[in-house]
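Below is one structure, written out as structure tokens; the observations come after it.
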Amino acid sequence: MHLELVNRQMKQLQLDKAINFFDRVKKYEDKLPVYKGELYLEKHQGTYTTQSKNKSYNRKIEYLLHDVEFLATLCYIKGYK
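Our numbering numbers the first residue of the sequence shown as 360 and each following residue consecutively.
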């Protein structure tokens, strides 16, 4: 689908501060459902393991990105393109 068509179909976003969002939600707090107890989310099994691996991979990528930026700076200083 053409991006312009997708853009036309999307609702307009309003950027705002989080506090303003919660102020608006507070008006409806008596109508919002309340859940007490443990949440069992079947589709979220193993998320702690996955998150741990993602954090580890992100850290490795951050180190590699640092090295690449360092080498790119050296190349720029030496006049390589």
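Quick reminder that beta carbons are idealized off the backbone N, C-alpha and C, glycines included.
Local conformation of residue i per DSSP, three classes
{"i": "K440", "result": "coil"}
{"i": "Q371", "result": "coil"}
{"i": "V393", "result": "coil"}
{"i": "Y399", "result": "coil"}
{"i": "K414", "result": "helix"}
{"i": "Y387", "result": "coil"}
{"i": "K419", "result": "helix"}
Best match in the options for proximity to residue i [C-alpha to C-alpha]
{"i": "M369", "options": "H361, K376 and F381", "result": "H361"}
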